[in-house]
Structures are given as structure tokens and as C-alpha cells.
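These notes concern the structure reproduced below.
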Amino acid sequence: MMGMLRRLGESIRASQLWRSVFRQGIPRDRRSRVLAVMGNVFLHLHPPELRRSGVRLSFTWCLGGLTFFLFLVEAVTGILLMFYYRPVAEYAYHDMVGLRGHVSFGLLREIHRWGAHLMVITCWLHLLRVFLTGSYRPPREFNWVVGVCLLVLTMLMSFTGYLLPWDQLALWAVTVGTNMAAAAPWLGSEGPGSSLLAVEGIPLVHPGSDVRFALLGGVAVGPAALMRFYVLHCVALPVLAGVLMAVHFWRIRRDGGISGPL
Amino acid sequence: MIAEAWTIDSLREGSNWLAHPARVMTICAIGLVAGLWWYRVWTRPRWAALLLGGLLAVVTLAGLDPVLRDKVCRPDNLAILLLVLLLCFFVWRGLRQAAVNDDRAERGEPPFEAGADDKVLTWPHLVFLELVALVACSAFLVIWSLLVRAPLEPPADLETVLNPAKAPWYFVGLQELLVYFDPWLAGVVLPVVMVVGLSALPYLDRNPRGSGYYTLRERPLAVSVFLAAFILLWMLPILVGTFLRGPNWTLYGPFEPWDPHTESPAELVNLSAMVWGERSEMEAGFGAEAALWRPVVRELPGIVLLGFYFLVMPWVLSRTAWRGLRERMGSVRYLVFSVLLMGMGLVPAKMLLRWLLDVRYIVALTEWSLNI
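Quick note, the sequences are listed as chains A and B, same order. If you count the first sequence from 1, position 144 lands on 145 in our numbering, and the numbers rise without skipping. If you count the second sequence from 1, position 274 lands on 1098 in our numbering, and the numbers rise without skipping.
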């Protein structure tokens, strides 16, 4: 019986179909292990070899990798949530209630929300780790800057998502946050300097034309803000983050891989 | 029994008294300085275990109180608790590995992470580690999702104002800064300073040592400034804003229930009023023919103070204590560094002025909504 299974397995692995997908057998020797990494588009993010200290769990704690993984989790659960959710003031809240009770495997929203919190956490801790190991030193300066941009984007993605449940918590949290935009110097109607931007006594920057208005599509959080935040949350910010992540990972390789003592 | 009840009550009252931002901040600042000074002692596993035990005991004891539990155990707050725990762990591990490396450096040995030629294959070493981390993270996330439902409150309604209205937890720190600063500073300028400062770090830190391994001895200034900013100015306001601020953003002790009550607001004074007194001619600038220079003259004390703080102090420091730093950095880097550092220092400085002298604004150019 066992012999038969073994022979079956061997013939599957010898078949043209199998070999067209997996070029290598199970990587057992050095050469095939190197090829396994180099020949795989996903593993190819890594160099075939790395320094022993960099692979130690207590050096990186996998925090950057986990942040990326959580981004993927958010993308997958987010796409599934988009099947059910309509970013229209009349429907949004009802769709949330529906997600809670009527959709089978009703963990989607939980995984998406807690995953987002977890991603903010791993992102901050990744920053702390990279700082404490002095890994932003030349030649990695620019990659640190890219990382800071990704940190800001992570928080903005989380913030724009916070409005989408369209409940009291969401509405007032986003009201608090976006009111700050109205206080931006020059660009916000309540900020310093905006009163100086006037032509013949008519102000250029007023509640109907400042940055908060651009963000919300109105002077307060309303249906227009819901649509804007939805588009930012589902399309604009993730695409931007995706591009920056590609740069971030590419630069890790270009700048000499995982950092270590010189 | 009576004695016990008295002890618990006085513990509660003591904690409520202690939970004022000024006292919390002072205690944490002292703790941070002590922790960085004696980092080789307390990070030893035995001491750290003792500290962890103490922390857990306090948390458990405090968690017995229903009022506090009600505030802490809101679904979104669990992320903050998780972050605090993880932050304690990573700061400990980071300083522990720094202590190990610094001991090695003193004995003339290379850091623990040394050995550039010492390579391992990605498959299986790293791939396996990543798989384990990924599975563990997924399991954690699924369990968290099974145990805690995502919150859903009543539908959005602009007519019914939520009180307290709090920003998402990662922005509550900025909201807490609104107590001390106008929105243009707390919500716009200070976050920009933070992001720009973070981005500028690798270009300002010219220290050639301590690259690619944990260490404190070889870069004491960088590590202590960063940890102080992260823990005292970023994490602590988040905790204060989330757990100690109730309706109308009033301060409540951890064991005080959030029943809305109107607290008589503290009498705050502007720095200019403290210097000039409430002299009427100084306030005359509000009139229709208000000359541009009048408010500026009125606010001269604060402007001079800020000028001294942002310009003279860095200059004096560059001639004295930070002479070496300035020479290593060069003039341009030192200028950027001092502006960013002083911008960051404005936060605790304003807090101190508020707590000690009840200062509302250092510079109150209310005419142009330019209050600092």
C-alpha cells in the first residue's frame, strides 16, 4: 500500500504538468535550495543567502514582514467586504448590520478591523526595531524615509476606514480628526494666515473652499465624505502604499539586504 | 473589614490623584531616565521578570475595579493594551540586547550580531521562520476576532453629538495635545514636525558607530531622544486621552465614573497678561483702526521668549555642551536638528507652563488666530 502511494507520488512529480509548475524537486542540497529561492517570484523578494544574525528572530521579530502580511490580509478581507458594503449614507449602516448577522462566516469585519489595528501596531514596532538597531544609517537613509511615508499611509488607511461603518463612533471620530484640517495654516478657514488671503475683502479661504472641504466634500462629515473616504480607503491609499512597498522591498535588496554590523 | 475597605478606597483615591497628566508624565520621565541609566541592571532576565510580575499584579488588581474595567475593555481599546504590552517587551528586549552588546564592546569583543561572512540559506532558514510568524499572527488574529466583536454603535447622526468624541486611538495623542495647543499646532504643525523629523533622522545622525546592532552606549543621545519622544510624547498622551479623559474632555481618575459634571475651568492667563497685567491700552489694539504692530508689541514677551528658545538656546548649546555635536554635524544639519528638537521640546515646555503657571498662550495673536 505504502509502496503504491510512494510510486504514485513519484509519478506525479515526474509528470510534465508538475514539472512545468515546480522546476525543482524538494530542495535538499545547497544548489537546489538556492534555485528554489531564485526561481520563485515570491521568495525572490529575498536573496538566496543572508547573514546569520539577520535571520535571528530576536533581531527583526519579523515585524516588517508581518506588517506586509497584514496588509495582504486587509486587502483580501477588504475585497470580500466590498461585495456587501455600499458607501451610501442610506445603506452603509444597514450593510454593517447585515454583515454582522446575515453573512455566513461573519468574522470578515472583525478580521479586517483588528487586522488594521494590528498593522498599525506592527508598523510602529517595526519603526522602533529599525531605529534601535541603527538600521537607517547609510546606505539605507532613503529607505527609512520611504518607511516613514508607509507609516503615515498605514495610519491614513486606518483612519479613512474608520468612517465607513457610518455609526456614531465613526462619525464623531472623523469629525474630530478632520476639524484639525480646518486649522491648517493658510489652507484652513480657521487656521492662522487664512484671513490674509483675501482679494478686496473677499476671503479666498473660507469653510467652502479650504482643505477640510476638499477632504469631506462639505463643511461637515456627510454622504459626500463617506464616498470620498471610501475611494481613498479602497483605491487611492492602498495603491500608493503598494507602490511604496515595492520601492521599500526593492531598496532593502539594493542597499545590501538586512542590516548588520559593518 | 472596615480597615480593608479603607485601604482599597485610599488606594483608589491615591491612584485618581496620581493620574493627573502632570504627575503621570513626571513619573514616566523619571522612570525613563532611570531605565536608561541603569539599563544594564534591570534588563537582566531576573529583574525584568520581577518587573513584569509587578506590572501584571498591578494590572490585575486594577482590573478588578468595575469602573476602570468599563473604560478599558472597550473593543477598540484592546489594541492600545496590546501595544503597551508589546512596547514594554520590545523596549526591554532592545535594551537587553544593547546591554549585552555594550558589555561585549567593553571587553573588546565585536557585537553579538557581528560576522558578515557568516551566511545561511534563505531556504529553509528564513522561509521557515516567516511561515511560523505568519501562522502565529493569523492564529492570533482569528482568535482575537472570534473573542471580540467589532463595535457598531447607533447609526451616524449629526444631531446627536457623541460626548466624549474621541479620534481613532492612534490619533488620540494629537487630540490630547489640543488641551495645550490650538488645533493648527496640535493637529497640523506638530504632526508635520514629527514626520519631517523622523524622515530627517538618517541625515542628522552622523554617528558612525552603532549601525546594524542593538546598542545604547555608542549612541546615547539618539536612543534616549527617540525613546523619550516615542514613549512620553506619543504613547503617554494616547493613554491619557483614552483612559483619563471623559465627557467634555474633562480629566477623570481611572477609578472615577464618567458621569458628566461641569468642572469649574481653571483660570488660564496669557503670558502677555502676566507681564503687562490687564492694562487697557494694551488691549486697545482690537479696534477698527488696529495697527498691525499693536498686537505684536503686546505679545512681545512671548515672542522674545520663543526667539530665545528657538534661536539663542541652540546657539549657546552649540558653543558649550553640544560643541562636538555641532562640529560633527556641520552648520546646516545642526540648524535643522535644533529647530526640530526645539519644536518637539515645545510640547513638554508648554505642558510645564500650563501645569505650573496656568499659562494659556505664550504668544496670543488672537487677531490672526495665531496662538502658541
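Even glycine gets a Cβ: it sits at the ideal position worked out from N, Cα and C. The structure displayed is predicted, hence computed values, not measured ones.
**Report entry** Contacts of PRO166 of chain A in chain B (Cβ-Cβ under 9 Å)
**Finding:** One finds ALA974, PRO975, LEU976, GLU977 and ALA980 in chain B with Cβ atoms closer than 9 Å to the Cβ of PRO166 of chain A, taken in chain order.
Query raised in the report: For LYS943 of chain B, which residues does DSSP report across the bridge?
Result: Partner(s): A:ARG52.
Query - Per-residue DSSP class, three states only, for ASN180 of chain A - result: Assignment of ASN180 of chain A by DSSP, reduced to helix, strand and coil, places it in the helix class.
Query raised in the report: Any beta-carbon of chain A closer than 9 Å to the one on CYS897 of chain B?
Result: With 9 Å as the cut-off, CYS897 of chain B does not count as an interface residue toward chain A.
Report task. Can you say whether TYR1076 of chain B is buried or exposed, counting buried as having 16 or more other CB atoms within 10 angstroms of its CB? Result -> Here TYR1076 of chain B is buried: its Cβ has 16 or more other Cβ atoms, across all protein chains shown, within 10 Å.
Query raised in the report: So does LEU885 of chain B have its beta carbon nearer than 8 Å to some heavy atom of the ligand NAP?
Result: Because no ligand of any kind appears in the structure shown, any question about the ligand NAP cannot be addressed here.
Query raised in the report: Does the segment 109-126 of chain A come close enough to the segment 1018-1035 of chain B that 3 or more CB-CB pairs lie under 8 Å?
Result: These segments do not touch.
Query raised in the report: Of all the options B:ALA858, B:GLY877, B:ALA853 and B:ASP894, which has the alpha carbon lying nearest to the alpha carbon of PHE1079 of chain B?
Result: Of the listed residues, the one whose Cα sits closest to PHE1079 of chain B is B:ASP894.
Query raised in the report: In its own chain, which residues sit with a C-beta less than 7 Å from the C-beta of LEU64 of chain A, not counting the 5 before and 5 after it?
Result: So the qualifying residues of the chain are THR123, LEU126, HIS127 and ARG130.
Query raised in the report: Can you tell which of B:SER839, B:LEU1149, B:ASP1182 and B:ARG1041 has its C-alpha closest to the C-alpha of ARG920 of chain B?
Result: Ranking B:SER839, B:LEU1149, B:ASP1182 and B:ARG1041 by Cα distance to ARG920 of chain B puts B:ARG1041 first.
**Report entry** At least three beta-carbon pairs within less than 8 Å, the segment 1001-1015 of chain B to the segment 1177-1196 of chain B
**Finding:** Segments in contact, yes.
Query raised in the report: Who are the neighbours of GLU954 of chain B on chain A, taking C-beta pairs under 7 Å?
Result: What GLU954 of chain B touches in chain A, judged by beta-carbon distance under 7 Å, is CYS63 and GLY66, going in chain order.
**Report entry** Counted within 10 angstroms of its Cβ, other Cβ atoms place LEU165 of chain A as buried (16 or more) or exposed
**Finding:** The Cβ neighbour count for LEU165 of chain A, taken over all protein chains shown within 10 Å, is at least 16; the residue is labelled buried.
Query raised in the report: Going along chain B in order, which residues have a C-beta closer than 7 Å to the C-beta of ALA185 of chain A?
Result: Under a criterion of Cβ atoms nearer than 7 Å, the residues of chain B adjacent to ALA185 of chain A are, in order, TRP1008 and VAL1012.
**Report entry** Among A:TYR92, A:THR61 and A:CYS150, the one whose alpha carbon lies nearest that of SER136 of chain A
**Finding:** It is A:THR61 whose Cα lies nearest to the Cα of SER136 of chain A.
Report task. Kindly indicate if chain B contains any beta-carbon less than 9 Å away from that of HIS118 of chain A. Result -> Cβ-Cβ to chain B under 9 Å: yes for HIS118 of chain A.
Query - Cβ-Cβ separation, LEU1170 of chain B to GLU1123 of chain B (assumed contact under 8 Å), whole Å - result: 16 Å between Cβ atoms; not a contact.
Query raised in the report: If you count every other CB in all the chains shown that lies within 10 Å of the CB of ARG52 of chain A, and 16 or more means buried, which is it?
Result: The Cβ neighbour count for ARG52 of chain A, taken over all protein chains shown within 10 Å, is at least 16; the residue is labelled buried.
Query raised in the report: Using CA coordinates, which residue listed in B:SER1035, B:ARG1184, B:LEU1159 and B:TYR863 is at the minimum distance from ARG141 of chain A?
Result: Nearest of B:SER1035, B:ARG1184, B:LEU1159 and B:TYR863 to ARG141 of chain A, Cα basis: B:SER1035.
Requested in this report: Whole angstroms is fine: what's the gap from MET156 of chain A's alpha carbon to PRO890 of chain B's?
Outcome: Distance between the alpha carbons of MET156 of chain A and PRO890 of chain B: 32 Å.
Requested in this report: Could you check how far apart the C-beta atoms of CYS852 of chain B and LEU1180 of chain B are, in whole angstroms? I think they sit under 8 Å.
Outcome: The pair is not a contact, with the Cβ atoms about 18 Å apart (cut-off 8 Å).
Report task. Reducing DSSP to helix, strand and coil, say where ALA1112 of chain B ends up. Result -> Note on ALA1112 of chain B: pLDDT 48, under 50, position unreliable in the model; the coordinate value appears next. Coil, per DSSP.
**Report entry** Within chain B, the residues that ARG20 of chain A reaches when beta carbons sit closer than 8 Å
**Finding:** Near ARG20 of chain A there are no residues of chain B at all, since even the closest Cβ is about 19 Å away, more than 8 Å.
Query raised in the report: Terminal residues of the continuous alpha helix (DSSP H) containing LEU1068 of chain B?
Result: No alpha helix (DSSP H) contains LEU1068 of chain B, which DSSP labels as neither H nor E.
Report task. Kindly indicate if chain B contains any beta-carbon less than 9 Å away from that of ARG24 of chain A. Result -> For ARG24 of chain A, the answer is no, since every Cβ of chain B falls outside 9 Å of its Cβ.
Query raised in the report: For the segment 939-1017 of chain B, which segments carrying the alpha helix (DSSP H) assignment without a break, of at least 4 residues, lie completely within its bounds, in sequence order?
Result: Taking 4 residues as the minimum length, the alpha helix (DSSP H) runs contained wholly in the segment 939-1017 of chain B are 951-971 and 996-1001, in order along the chain.
Report task. Using three-state DSSP, classify ILE259 of chain A as helix, strand or coil. Result -> Residue state, collapsed to three classes: coil.
Query raised in the report: Taking 9 Å as the CB-CB limit, is THR831 of chain B close to chain A?
Result: Interface annotation, THR831 of chain B: not in contact with chain A, CB-CB separation never under 9 Å.
Query - Spatial neighbours of VAL908 of chain B in its chain, beta-carbon cut-off 8 Å, leaving aside the 5 residues before and after - result: The residues are MET1059 and LEU1063.
Query raised in the report: If you draw a straight line from the C-alpha of PRO992 of chain B to the C-alpha of VAL121 of chain A, how long is it?
Result: Straight-line Cα distance between these residues: approximately 12 Å.
Query raised in the report: How many Å lie between GLY99 of chain A and HIS234 of chain A at the Cα?
Result: Distance between the alpha carbons of GLY99 of chain A and HIS234 of chain A: 21 Å.
Query raised in the report: Span of the alpha helix (DSSP H) holding GLU930 of chain B?
Result: Looking at the DSSP string, the run of the alpha helix (DSSP H) that includes GLU930 of chain B is 901-930.
Query raised in the report: If we call anything under 9 Å between Cβ atoms a contact, is LEU1141 of chain B one with MET849 of chain B?
Result: For the pair LEU1141 of chain B and MET849 of chain B, the CB atoms are not nearer than the 9 Å cut-off.
Query raised in the report: How long is the line joining the alpha carbons of ALA37 of chain A and GLY932 of chain B, rounded to whole angstroms?
Result: ALA37 of chain A and GLY932 of chain B: Cα-Cα distance of roughly 40 Å.
Requested in this report: Rounded to whole angstroms, what's the CA-CA distance from ARG868 of chain B to ASP256 of chain A? Just pull it up for me.
Outcome: Near 34 Å, if we compare the C-alpha coordinates of ASP256 of chain A and ARG868 of chain B.
Requested in this report: Let me know if ILE1186 of chain B comes out buried or exposed under the rule of 16 or more other beta-carbons within 10 Å of its beta-carbon.
Outcome: Result: buried.
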